[in-house]
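Colleague: If you read the sequences in order, they're chains Z and U.
Quick note: the first sequence uses the numbering used here, first residue 982, plus one each step.
Quick note: the second sequence uses the numbering used here, first residue 179, plus one each step.
A virtual CB, placed ideally from N, CA and C, is assigned to each residue, including glycine.
Could you have a look at this structure, given as structure tokens, before my questions?
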Amino acid sequence: MTLAATTHPTPRLYWMIALILAVVTAAEVGASYVDAVEPVLVPLLLVLGAVKFGIVVAFFMHLKFDRPLFRSLFLVGVFGAIPLFVVVLLTFGAL
Amino acid sequence: MTTDTVLDALPPEHGEEHDVHHIRKTAMWVFLGSECIFFGSMISTFLLYRTTTGDGPGAELFNVPFTSASSFVLLMSSLTMVLAHHAFERHDTRQGRVWLSATALLGATFLAGQIFEFTEFVHSGLTLSTSPFGSSFYMLTGFHGAHVAIGVMMLTAMAILSTSGRLHHGRGLNVELVGLYWHFVDIVWIVIFTVVYLLQV
Chain Z
982 MTLAATTHPT PRLYWMIALI LAVVTAAEVG ASYVDAVEPV LVPLLLVLGA VKFGIVVAFF
1042 MHLKFDRPLF RSLFLVGVFG AIPLFVVVLL TFGAL
Chain U
179 MTTDTVLDAL PPEHGEEHDV HHIRKTAMWV FLGSECIFFG SMISTFLLYR TTTGDGPGAE
239 LFNVPFTSAS SFVLLMSSLT MVLAHHAFER HDTRQGRVWL SATALLGATF LAGQIFEFTE
299 FVHSGLTLST SPFGSSFYML TGFHGAHVAI GVMMLTAMAI LSTSGRLHHG RGLNVELVGL
359 YWHFVDIVWI VIFTVVYLLQ V
């Protein structure tokens, strides 16, 4: 039994994930041109972007199946960037 | 069965390989975590200066349909990368080489699109020194492009190594590490595309 067979999704699942990513990207671009979604455009695009980010990290980078240590190391970076972002914008009065 | 369980089940002579595997992969994740902070600071800087265009052009220059196509190309390169990794894990070197080459080609296509876009912007009057908007835009997207270029070079090198039989199953971890780097480049672009292009139009 190979390592790949026991821990990684199948190519079929990878193709399905790619299809979902393509559809979400199309939805993002479409939404940015539709006036009706203008009031919720920013949160909508942020949510769709976060969904794509999460799918790639979980399945293509195998973080869903890999050691919890790797997940923790990466999340420290991701969640470390958020306070950095807030501090920079607060420092220059942009928030 | 998890990765840990499979690796723990290896015979004792594989113990060292197990440790090296773990250390290198841990180092890569630490590196990627630090890169999140790096790109986070760049994106913050862009958001800070997004309206400071001075007398120069701003976000109205963005060609969203064109950049959407580029984004799609980079997104699909993540698919070909994961298929390359899967093929090498299954000892299918020929198939792995095909997907590695496809990934490098898609990465090069994305870069060509970025060069075209930068050229158009410069001709329209947006240079690195035009305004804080221009500086922060080129710094952010330029650094991302540099990461893509490094990734394309690594992918090309691995594809060449595989033709000479120097990328056998034992080097599968190299493909995995380059793959992690490549997917990271992709997720950074997911954020840049949303924040820099879609939200500014």
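Look at the alpha carbon of Phe244 (chain U) and the alpha carbon of Val198 (chain U), and state the distance between them as a whole number of angstroms.
Modeller: Here the question's residue 244 (chain U) lines up with position 66 in the second sequence. Here the question's residue 198 (chain U) lines up with position 20 in the second sequence. Distance between the alpha carbons of Phe244 (chain U) and Val198 (chain U): 43 angstroms.
Colleague: So, using beta-carbon positions, are Ile215 (chain U) and Ala1062 (chain Z) closer together than 8 angstroms?
Modeller: By one-based count along the second sequence, residue 215 (chain U) stands at place 37. By one-based count along the first sequence, residue 1062 (chain Z) stands at place 81. In this structure, Ala1062 (chain Z) lies closer than 8 angstroms to Ile215 (chain U) by Cβ.
Colleague: In the DSSP assignment, find the alpha helix (DSSP H) that holds Pro992 (chain Z) and state where it starts and stops.
Modeller: To locate residue 992 (chain Z), count along the first sequence from 1; it is residue 11. Run containing Pro992 (chain Z): Pro992 to Ala1012, per the alpha helix (DSSP H) assignment.
Colleague: Residue range of the alpha helix (DSSP H) that Leu257 (chain U) falls in?
Modeller: Counting from one through the second sequence, the residue named residue 257 (chain U) turns up at place 79. Taken as a continuous stretch (DSSP letters only), the alpha helix (DSSP H) holding Leu257 (chain U) covers Val242 to Glu267.
Colleague: Any C-beta of chain Z sitting closer than 8 angstroms to the C-beta of Ile368 (chain U)?
Modeller: Counting from one through the second sequence, the residue named residue 368 (chain U) turns up at place 190. True, the Cβ-Cβ gap to chain Z drops below 8 angstroms.
Colleague: Would you please state the rounded distance, in angstroms, between the beta carbons of Gly285 (chain U) and Val330 (chain U)? I believe it to be under 8 angstroms.
Modeller: The sequence position of residue 285 (chain U) within the second sequence is 107, counting from 1. The sequence position of residue 330 (chain U) within the second sequence is 152, counting from 1. Confirmed, Cβ separation roughly 4 angstroms.
Colleague: Distance, Cα to Cα, Ile998 (chain Z) vs Ile1036 (chain Z)?
Modeller: Residue mapping note: residue 998 (chain Z) aligns to position 17 of the first sequence, counting from 1. Residue mapping note: residue 1036 (chain Z) aligns to position 55 of the first sequence, counting from 1. Those two C-alpha atoms are separated by around 8 angstroms.
Colleague: On the three-pair Cβ rule with 8 angstroms, is the stretch 231-240 of chain U touching the stretch 305-312 of chain U?
Modeller: Yes, they touch.
Colleague: Measuring CA to CA, which of Z:Leu1002, Z:Leu1044 and Z:Phe1041 is closest to Gly1030 (chain Z)?
Modeller: On the first sequence, position 49 is the one that residue 1030 (chain Z) refers to. The option with the nearest alpha carbon to Gly1030 (chain Z) is Z:Leu1002.
Colleague: Using a Cβ cut-off of 8 angstroms (strictly closer), state whether Ile365 (chain U) contacts chain Z.
Modeller: Along the second sequence, read from residue 1 onward, the residue named residue 365 (chain U) stands at position 187. It does; some Cβ of chain Z falls within 8 angstroms.
Colleague: State the Cα-Cα distance for the pair Ser340 (chain U) and Ser1013 (chain Z), rounded to the nearest angstrom.
Modeller: For the purposes of this step, residue 340 (chain U) is taken as residue 162 along the second sequence, with counting starting at 1. For the purposes of this step, residue 1013 (chain Z) is taken as residue 32 along the first sequence, with counting starting at 1. Taking the straight line joining both Cα atoms gives about 43 angstroms.
Colleague: Against chain U, does Ala1017 (chain Z) count as a neighbour if the rule is that its beta carbon must be under 8 angstroms from one of theirs?
Modeller: Counting from 1 along the first sequence, the entry for residue 1017 (chain Z) is found at position 36. No - not a single Cβ of chain U is within 8 angstroms of the one on Ala1017 (chain Z).
Colleague: For a quick check, are the C-beta atoms of Leu333 (chain U) and Leu278 (chain U) less than 8 angstroms apart?
Modeller: Along the second sequence, read from residue 1 onward, the residue named residue 333 (chain U) stands at position 155. Along the second sequence, read from residue 1 onward, the residue named residue 278 (chain U) stands at position 100. Yes, they are a contact pair.
Colleague: For a contact defined as C-beta to C-beta under 9 angstroms, what are the partners of Gly236 (chain U) on chain Z?
Modeller: Within the second sequence, numbered from 1, the residue matching residue 236 (chain U) stands at position 58. Here the premise fails: no neighbours, minimum Cβ distance about 16 angstroms.
Colleague: At which residue ranges does the stretch 346-378 of chain U contain complete alpha helix (DSSP H) runs of 4 or more residues, listed in the order of the chain?
Modeller: Here the runs fully enclosed are 350-370.
Colleague: Alpha helix (DSSP H) containing Met336 (chain U): first to last residue?
Modeller: In the second sequence, counting from the first residue as 1, residue 336 (chain U) sits at position 158. Element bounds for Met336 (chain U): Pro310 to Thr341.
Colleague: So which residues of chain Z does Leu257 (chain U) contact, with C-beta pairs closer than 9 angstroms?
Modeller: To locate residue 257 (chain U), count along the second sequence from 1; it is residue 79. Those are Tyr995, Trp996, Ile998, Ala999, Leu1002 and Phe1041, listed as they occur along chain Z.
Colleague: Under 6 angstroms Cβ to Cβ from Gly232 (chain U), same chain only, skipping five residues before and after it: list those, please.
Modeller: On the second sequence, position 54 is the one that residue 232 (chain U) refers to. The residues are Ser309.
Colleague: My output table needs one value for Lys1033 (chain Z): the three-state DSSP class, helix, strand or coil.
Modeller: Within the first sequence, the letter at position 52 stands for residue 1033 (chain Z). Three-state result, Lys1033 (chain Z): helix.
Colleague: Between the stretch 315-329 of chain U and the stretch 217-226 of chain U, do three or more beta carbon pairs fall short of 8 angstroms?
Modeller: Contact holds: three or more Cβ-Cβ distances are below 8 angstroms.
Colleague: Distance, Cα to Cα, Leu253 (chain U) vs Phe1040 (chain Z)?
Modeller: For the purposes of this step, residue 253 (chain U) is taken as the residue at position 75 of the second sequence. For the purposes of this step, residue 1040 (chain Z) is taken as the residue at position 59 of the first sequence. Taking the straight line joining both Cα atoms gives about 13 angstroms.
Colleague: Taking 8 angstroms as the threshold (C-beta atoms), are Ser246 (chain U) and Thr1072 (chain Z) in contact?
Modeller: For the purposes of this step, residue 1072 (chain Z) is taken as the residue at position 91 of the first sequence. For the purposes of this step, residue 246 (chain U) is taken as the residue at position 68 of the second sequence. Contact: no.
Colleague: Give me the chain Z residues within the contact set of Val198 (chain U), using Cβ-Cβ distance strictly less than 8 angstroms, ordered along the chain.
Modeller: On the second sequence, residue 198 (chain U) is found 20 positions in, with the first residue counted as 1. Within chain Z, no residue comes near Val198 (chain U); the closest Cβ sits about 15 angstroms away, beyond 8 angstroms.
Colleague: Let me check you understand the geometry: is the CB of Ser246 (chain U) closer than 7 angstroms to at least one non-hydrogen atom of the ligand FMN?
Modeller: Looking at this structure, you won't find the ligand FMN or any other ligand, since it has none at all.
Colleague: Please confirm whether Ala1062 (chain Z) has its beta-carbon closer than 8 angstroms to some beta-carbon of chain U.
Modeller: Reading the first sequence from its first residue, position 81 is the one you call residue 1062 (chain Z). With 8 angstroms as the cut-off, Ala1062 (chain Z) counts as an interface residue toward chain U.
Colleague: Which of the three DSSP states, helix, strand or coil, is assigned to Val1023 (chain Z)?
Modeller: For the purposes of this step, residue 1023 (chain Z) is taken as residue 42 along the first sequence, with counting starting at 1. Helix at Val1023 (chain Z).
Colleague: Check whether the Cβ of Leu1071 (chain Z) lies closer than 8 angstroms to any Cβ atom in chain U.
Modeller: Working through the first sequence from its first residue, we reach residue 1071 (chain Z) at position 90. So, not an interface residue.
Colleague: So Pro1020 (chain Z) contacts chain U; which residues on that side make the cut at Cβ distance below 8 angstroms?
Modeller: Counted from its first residue, the first sequence places residue 1020 (chain Z) at position 39. In chain order: nothing, as chain U lies at least about 14 angstroms away.
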